[in-house]
Amino acid sequence: MNAGRKIIHIDMDAFFAAVEQRDNPQYKGLPLIVGGKPDSRGVVATCSYEARKYGIHSAMPSSQAYRLCPQAIFIKPRFEAYKSASNSIRQVFAKYTDVFEPLSLDEAYLDVSDSSFNQGSATLIAKEIKQSIFNNTGLIASAGVSYNKFLAKIASDMDKPDGFYLIPPSQGEVFVANLDVGKFHGIGKATEKKMHNLGIKTGADLKKQSLALLVQVFGKAGQYYYNIARAIDHRPVNNHRESKSVGVETTFQQDIKDRQQILQHLQQLLNKALQKLQAKELTAQALTIKIKYADFVQITRGRTLSQSITLATDTTLIFDDLLKNTEIGQRKVRLLGITLSSLQNQTQFQHYQQMDLFM
Ligand code: TTP
Ligand code: MG
Numbered sequence: 521m522n523a524g525r526k527i528i529h530i531d532m533d534a535f536f537a538a539v540e541q542r543d544n545p546q547y548k549g550l551p552l553i554v555g556g557k558p559d560s561r562g563v564v565a566t567c568s569y570e571a572r573k574y575g576i577h578s579a580m581p582s583s584q585a586y587r588l589c590p591q592a593i594f595i596k597p598r599f600e601a602y603k604s605a606s607n608s609i610r611q612v613f614a615k616y617t618d619v620f621e622p623l624s625l626d627e628a629y630l631d632v633s634d635s636s637f638n639q640g641s642a643t644l645i646a647k648e649i650k651q652s653i654f655n656n657t658g659l660i661a662s663a664g665v666s667y668n669k670f671l672a673k674i675a676s677d678m679d680k681p682d683g684f685y686l687i688p689p690s691q692g693e694v695f696v697a698n699l700d701v702g703k704f705h706g707i708g709k710a711t712e713k714k715m716h717n718l719g720i721k722t723g724a725d726l727k728k729q730s731l732a733l734l735v736q737v738f739g740k741a742g743q744y745y746y747n748i749a750r751a752i753d754h755r756p757v758n759n760h761r762e763s764k765s766v767g768v769e770t771t772f773q774q775d776i777k778d779r780q781q782i783l784q785h786l787q788q789l790l791n792k793a794l795q796k797l798q799a800k801e802l803t804a805q806a807l808t809i810k811i812k813y814a815d816f817v818q819i820t821r822g823r824t825l826s827q828s829i830t831l832a833t834d835t836t837l838i839f840d841d842l843l844k845n846t847e848i849g850q851r852k853v854r855l856l857g858i859t860l861s862s863l864q865n866q867t868q869f870q871h872y873q874q875m876d877l878f879m
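Per our numbering, the sequence shown starts with residue 521, numbered consecutively.
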């Protein structure tokens, strides 16, 4: 089991806005909004803490932000600068552990269970990481420390900005019991509403529900909710280096030749690979197929797409293209495989999609 894990969640404060204030000191201490201009249909990507006092937050229409604070400074995002700051932050993580999982440009989980830094004290390691991030980038991070991902993530939000918060094993369950379900990571607005309709407002309310009911109402996620109500979360921190690609393949009992049949198998394999990705909260932008003919001669064909591949992607043209210079339909095949690569974290992907709104 995962007893005694030490997980740190790091999340940068007002990330894009902080980079802008660092690079343009004249904006320091002022309400600063990074995102769409007030007269555009764009949205706020983020804003400085000075702007948050006016009720402005991420994803709010810029026009509304302007009404709340007309004197705010609005600037367009500079993704290159954020990417570069993000790289520096990841270099700091890498000094402390091999096991860290970025969730977006400004956020990551670290598993420091086996770290020998600071006699293995996760608290001291987290504080040192904050300091080291500041020394290297001039930016401020908040840190949460606990014994699983769910709690560490909540903890990093508890004391923002420049936060540090520890949830020790003895306090995990009490902590969750008192928390509003809307604050739970993985419970979005729609689920929150559903829960409220069932009278579930806090972690304690959630804990009273049976697993059967939660699964009946929320499907597969029911088990996750059941566990987190008990502060149980066994999800490992996925080492970024391990998740370069996801592959599935199948060897047929009898070799097949029919093109249509082969296309069906490819689609099934793709669906399986996508489900695997989903479980890791990842998306993919590159697709490779592997074909082993009956005589064991093997070929691969790959393609990178302009958008992430999902279950909704129309694969007809993609597969047609990939099979173009092959002997599919003419030669017997004994094995087919699909590999998805160019992986991105889903959260990061969603952020980028939102950014597109004002690009
Ligand atoms: P967050 O960590 O959610 O927000 P933040 O770092 O700006 O502020 P804090 O953590 O202190 O509350 O997101 C990180 C960056 O991702 C943020 O600076 C801008 C971008 N982002 C968007 O573009 N759209 C969004 O809806 C959100 C939430 C973030
Ligand atoms: Mg942040």
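C-beta: ideal position from N, C-alpha, C; glycine also. Please read these numbers as outputs of a predicted model, since none were measured by experiment.
One thing to note: leucine 659 has its Cβ within 9 Å of the Cβ of methionine 532. No residue range can be given for glutamate 847, since it is assigned to no beta strand (DSSP E) and is classified by DSSP as neither H nor E. Sequence-distant partners of serine 652 (beyond 5 residues in either direction) whose C-beta falls short of 8 Å from its own C-beta, in its chain, are Val612, Lys615. Straight through space, the alpha carbons of leucine 726 and serine 604 are spaced by roughly 41 Å. DSSP lists Ile811 as the beta-bridge partner residues of isoleucine 819.
Comparing alpha carbon positions, the residue from Asn544, Phe594, Leu630, Val539 closest to glutamate 600 is Val539. As computed with DSSP, isoleucine 776 is found in a beta bridge with Val853.
Distances between the C-beta of glycine 555 and the heavy atoms of the ligand TTP include at least one below 8 Å. With respect to the 9 Å criterion, alanine 675 and tyrosine 629 are not classified as neighbours on the basis of their beta carbons. Less than 9 Å separates the beta-carbon of glutamine 805 from that of glutamine 827. With a threshold of 16 other beta carbon atoms within 10 Å, isoleucine 609 meets it and is buried. Pairing glycine 742 with leucine 733 gives a Cβ-Cβ distance under 9 Å. Going by DSSP, isoleucine 527 is part of the beta strand (DSSP E) stretching over 527-532.
Taking C-beta atoms as the reference points, arginine 851 and tyrosine 813 count as a pair closer than 9 Å. In this structure, leucine 831 keeps its C-beta atom at 9 Å or more from the C-beta atom of leucine 807. A Cβ closer than 5 Å to some heavy atom of the ligand MG marks a residue here, and those residues are Asp531, Met532, Phe535, Asp626. According to the DSSP assignment, threonine 566 belongs to the beta strand (DSSP E) that extends over 564-567.
Counting the other CB atoms within 10 Å of its CB gives aspartate 626 a total of 16 or more, which places it among the buried residues. For the ligand TTP, a non-hydrogen atom lies closer than 8 Å to the CB of serine 624. Segment contact: the region 566-583 against the region 683-698, fewer than three CB-CB distances shorter than 8 Å; contact not assigned. In terms of Cβ geometry, isoleucine 838 and arginine 854 do not form a close pair [threshold 9 Å].
Residue pairing of tyrosine 744 in beta bridges, as defined by DSSP: absent, with no partner found.
Here the alpha carbons of glycine 549 and threonine 566 stand approximately 15 Å from one another. Of the candidates Gly849, Gly767, Leu686, the residue whose Cα lies closest to the Cα of leucine 860 is Gly767. Looking only at Asp679, Ile528, Gln780, Glu769, the smallest Cα-Cα distance to aspartate 631 is reached by Ile528. By the beta-carbon neighbour count (other beta carbons within 10 angstroms, threshold 16), serine 636 is exposed.
Following the DSSP letters along the chain, one finds serine 666 in no alpha helix (DSSP H) but inside the beta strand (DSSP E) bounded by residues 661-666. For the set Thr846, Val665, Asn655, the Cα lying nearest the Cα of serine 641 is the one of Val665.
The beta carbon of serine 765 sits no closer than 8 Å to any heavy atom of the ligand TTP. Relative to the Cα of phenylalanine 738, the nearest Cα in the group Asp679, Gly857, Ile645, Ile707 belongs to Ile707. The Cβ atoms of leucine 843 and isoleucine 748 lie no closer than 9 Å to each other.
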